[in-house]
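First comes the structure, then the notes that go with it.
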Amino acid sequence: MQKFMIFSVLIFFSIFSTNLAYAQELPEWFSQIEEWANQDIISQQEFNHALEYLIEQGILQYKQKEVLKEEKIFRIEIPTEEERLELPECDGKFFTTYPVDMNEVKSITPLGNLGPPGHTFPTQHPHIHLGEYDTSYSYPLYTPADVFITSVSWQENITQDPIDYVIYFALCKDIIGYYNHVKALSDEVKHIIEKVECESFSIKSEGSCTKVLLDKIEEGSVLGQVGLEQGNFDFGLIDISKKLDFIKQERYPIRDRYVNCVFDYYEDPMKQQFYDLINRIDGTCGHVMQDVPNTLKGNWFHESAQKEYVVDWNVYLAFVDHYEDPSIQVVSIAGIITEPSLFKFIPKTNGEINREFSQVTSDGNIYCYEGANIIRYFEKVPLGKILVQMIGNETLQIEHQTGNCTRNENFTNPTFYNR
6 MQKFMIFSVL
16 IFFSIFSTNL
26 AYAQELPEWF
36 SQIEEWANQD
46 IISQQEFNHA
56 LEYLIEQGIL
66 QYKQKEVLKE
76 EKIFRIEIPT
86 EEERLELPEC
96 DGKFFTTYPV
106 DMNEVKSITP
116 LGNLGPPGHT
126 FPTQHPHIHL
136 GEYDTSYSYP
146 LYTPADVFIT
156 SVSWQENITQ
166 DPIDYVIYFA
176 LCKDIIGYYN
186 HVKALSDEVK
196 HIIEKVECES
206 FSIKSEGSCT
216 KVLLDKIEEG
226 SVLGQVGLEQ
236 GNFDFGLIDI
246 SKKLDFIKQE
256 RYPIRDRYVN
266 CVFDYYEDPM
276 KQQFYDLINR
286 IDGTCGHVMQ
296 DVPNTLKGNW
306 FHESAQKEYV
316 VDWNVYLAFV
326 DHYEDPSIQV
336 VSIAGIITEP
346 SLFKFIPKTN
356 GEINREFSQV
366 TSDGNIYCYE
376 GANIIRYFEK
386 VPLGKILVQM
396 IGNETLQIEH
406 QTGNCTRNEN
416 FTNPTFYNR
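Quick look at the structure:
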């Protein structure tokens with residue numbers, strides 16, 4: 006993913022620099038930076054430092070630097086401003102066709118699924134589960150309305166199936182849906198994308214490709230097949246008119262700031278049919294953004310993390326509600342302080358042991374969390390305990406120790422995380 010960001014920035018730089026006048030000519034060494042980035046000799050952070058230097062020297066303006074960093078990444082999933090002019094307005098727009106035969110859908114995992122390290126933060130899309138376990142059947146996947154395909158990506162050998170596709174499609178100017186873990190493309194989609202070359206950044210890994218386009222396809226068209234060994238697929242949605250209220254917006258890729266529940270973009274009774282299948286006791290679609298300012302609750306980043314566009318999940322740490330039962334809370338750990346873990350517990354409203362996250366503040370206390378065998382009993386209960394203390398409103402120290410929680414906890418070698 007880090008490689009993706011470097012290449013996408015550089016691709017856009019080559020396009021963008023031909024259309025802008027700078028205070029000075031770009032230095033020759035910048036082409037060397039590009040070569041090093043293509044060879045993975047330098048990191049995303051080092052590339053950012055090069056951009057900052059150009060700003061300091063007056064060669065590049067800050068807003069131009071931000072465009073260099075954002076625009077191409079933004080386009081992979083979301084149409085450009087110019088392309089959005091070709092799309093319909095969103096007033097009164099809904100999805101009107103089911104993605105698959107709903108008789109084959111057995112259950113839906115809500116927003117907010119947890120599974121470190123890859124899903125340390127609450128997952129951004131529901132998972133739709135098909136057929137009976139271990140049957141390996143495939144099922145047709147349909148366009149949910151008249152839509153415009155904006156990109157198609159694929160990667161080989163990332164799941165138990167040979168290949169996985171991701172298809173993004175725009176319903177209108179602001180609403181972009183996507184299907185992930187598509188196992189095969191229809192002939193119609195193959196015909197649409199065959200005229201488009203793979204983006205250069207996307208072919209650095211063997212068996213991968215991303216194609217960017219804007220082609221209309223009619224409602225109910227077969228896009229491909231889902232199911233097979235994996236038996237589920239993701240159905241997600243971005244609505245750029247509805248921004249999530251993360252405490253540090255700049256930490257998240259553009260898409261992550263606008264994810265919403267896709268089922269809310271159907272009208273009843275279709276919407277209710279999805280909701281009836283969601284595995285969540287409160288009857289909602291779940292939640293991605295759970296940050297509560299000035300408290301422990303929500304997402305945190307290891308002190309080594311970049312300040313912007315953090316895509317390395319190893320630096321993630323979350324204190325959030327369980328995605329199936331919000332009366333249960335979870336310390337979700339990607340790594341660093343211990344192995345990838347989920348410490349699940351029933352929160353308490355007093356004391357320092359398993360305290361409800363939104364009640365933990367920078368009050369000088371050390372709080373202790375230990376896991377229990379509750380909900381999803383087949384999941385391993387991690388050993389030991391987690392000590393955490395907020396230092397100000399946006400920094401905490403945390404440590405994994407052996408044993409059970411007591412009322413007299415002390416750190417020996419804490420690690421620091423920030424909002």
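For the sequence shown, this note's numbering begins at 6 and goes up steadily by one. Note that CB positions come from ideal geometry on N, CA and C, so glycine has one too.
Can you list, in chain order, the stretches of the beta strand (DSSP E) that have 3 or more residues and sit fully within the stretch 101–135?
-> 110–114 and 132–135
For residue 184, which residues does DSSP report across the bridge?
-> The residue given as residue 184 occupies position 179 in the sequence shown. In the DSSP output, where bridge partners are listed per residue, residue 184 has 172 and 240.
Take residue 194 and list the residues in its own chain whose beta-carbon comes closer than 8 Å to its own, dropping the five residues that flank it on each side.
-> As a position in the sequence shown, residue 194 is number 189, starting the count at 1. 154, 157, 172, 222, 228 and 229, listed in sequence order.
CB-CB under 6 Å to residue 189, same chain, minus the five flanking residues each way: which ones, in chain order?
-> Along the sequence shown, one-based indexing puts residue 189 at 184. Once the five neighbours on either side are set aside, the close Cβ partners of residue 189 are 229 and 230.
Own chain, CB closer than 6 Å to residue 44, minus 5 neighbours either side, in chain order = Numbered from its first residue, the sequence shown carries residue 44 at position 39. A caution first: residue 44 carries a pLDDT of 48, below 50, which makes its placement in the model unreliable, though a value can still be read off. Cβ within range, chain order: n/a, list empty.
Buried or exposed: residue 405, going by 16 or more other Cβ atoms within 10 Å of its Cβ?
-> As a working note, residue 405 is residue 400 in the sequence shown. Answer is buried; the Cβ neighbour count reaches 16.
Out of curiosity, what's the CA-to-CA distance linking residue 322 and residue 382?
-> Here the question's residue 322 lines up with position 317 in the sequence shown. Here the question's residue 382 lines up with position 377 in the sequence shown. C-alpha separation (whole angstroms): 22 Å.
Beta strand (DSSP E) segment containing residue 316, residue limits = Along the sequence shown, one-based indexing puts residue 316 at 311. Taken as a continuous stretch (DSSP letters only), residue 316 belongs to no beta strand (DSSP E), as it is neither H nor E.
Within 10 angstroms of its Cβ, does residue 294 collect 16 or more other Cβ (buried), or is it exposed?
-> Residue 294 sits at position 289 when you count from the first residue of the sequence shown. Buried, because 16 or more other Cβ atoms sit within 10 Å of the Cβ of residue 294.
When the Cα of residue 348 is compared with those of 354, 359, 252 and 233, which residue comes out closest?
-> Stepping through the sequence shown from its first residue, residue 348 is reached at position 343. Answer by Cα proximity: 359.
Please confirm if the stretch 112–129 is in contact with the stretch 314–330, defined as three or more CB-CB distances below 8 Å between the two stretches.
-> yes
Mapping DSSP to helix, strand and coil, what is residue 147?
-> As a position in the sequence shown, residue 147 is number 142, starting the count at 1. Three-state result, residue 147: strand.
Nearest neighbour of residue 411, chosen from 371, 380 and 397 [CA to CA] | Here residue 411 corresponds to residue number 406 of the sequence shown, with the count starting at 1. Residue 411 has its Cα closest to that of 371, out of 371, 380 and 397.
To the nearest angstrom, how far is it from the Cα of residue 264 to the Cα of residue 249?
-> Mapped onto the sequence shown, residue 264 falls at position 259. Mapped onto the sequence shown, residue 249 falls at position 244. Rounded to the nearest angstrom, the two C-alpha atoms are 7 Å apart.
DSSP bridge partner residues for residue 179 (one or two, in chain order) = Mapped onto the sequence shown, residue 179 falls at position 174. Paired residue(s): none; residue 179 is not in a bridge.
With DSSP as the reference, label residue 335 as helix, strand or coil.
-> Here residue 335 refers to the residue found at position 330 when the sequence shown is read from its first residue. Three-state result, residue 335: strand.
Leaving out five residues on either side along the sequence, give the residues of the same chain with a beta carbon under 8 Å from the beta carbon of residue 276.
-> The residue given as residue 276 occupies position 271 in the sequence shown. Result list for residue 276: 268 and 269, in chain order.
Kindly indicate the opening and closing residues of the beta strand (DSSP E) around residue 327.
-> In the sequence shown, the residue the question calls residue 327 occupies position 322. Note, residue 327: premise wrong, no beta strand (DSSP E); not H, not E.
By the 10 Å Cβ neighbour count, where 16 or more other Cβ atoms means buried, how is residue 414 classified, buried or exposed?
-> In the sequence shown, counting from the first residue as 1, residue 414 sits at position 409. Burial call: buried.
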